[in-house]
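One structure is given below, encoded as structure tokens.
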Amino acid sequence: MRLALALISLAAASCAWAQESRVVLKDAPGKDKVMQCVACHSLDYIQMNSHFLDKAGWTASVNKMINVFGAPIPKEDVDTIATYLAENYGKPRGPYRSSRFP
Ligand code: HEC
């Protein structure tokens, strides 16, 4: 019985946590254009991919949204969006360093 109660409260807690994770875009030039992305999915998609995409990767990703999923984003916005994403959510510049494997 105790265990069941503990599991229920754990489940409730993790639900609340999921709802809290609202992604807010960093303020930077191009943010208004990036807001076009929320028409179809949450900004979690940007954060989930942010660790391994550079500008070329983000350009390809944005073009995929347009060409494959039919996102109504003007072609001239692609560069602005990719620059914004690479600078604010791109993979870290420089050689790969890991504190776990020095
Ligand atoms: C027309 C709707 C639409 C718009 C607008 C849109 N996306 Fe997507 N996006 C999708 C769909 C559909 C998926 C894949 C479906 C899924 O897995 O849920 C997706 C998936 C993604 C992914 C996950 C990786 C992948 O390639 O599947 C990323 C990253 C992403 N979108 C970024 C963006 C960005 C950045 C923008 C704004 C420039 C954007 N999306 C705008 C429909 C859209």
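Be aware that the sequence shown starts at 1, since it is given in our numbering, and climbs by one per residue. The beta-carbon is built from N, C-alpha and C at its ideal position, and this holds for glycine as well. Every value quoted in this text rests on a predicted model; they were computed, and no experiment measured them.
- The alpha carbon of residue 72 has as its nearest neighbour, out of 89, 45 and 35, the alpha carbon of 35.
- Sequence-distant Cβ neighbours of residue 33 in its own chain, meaning closer than 6 angstroms and more than five residues away, are 77, 80 and 81.
- Our two residues, residue 39 and residue 51, have alpha carbons roughly 23 angstroms apart in a direct line.
- Rounded to whole angstroms, residue 24 and residue 56 show a C-alpha spacing of 23 angstroms.
- Residue state for residue 85 is assigned as helix, using DSSP reduced to three classes.
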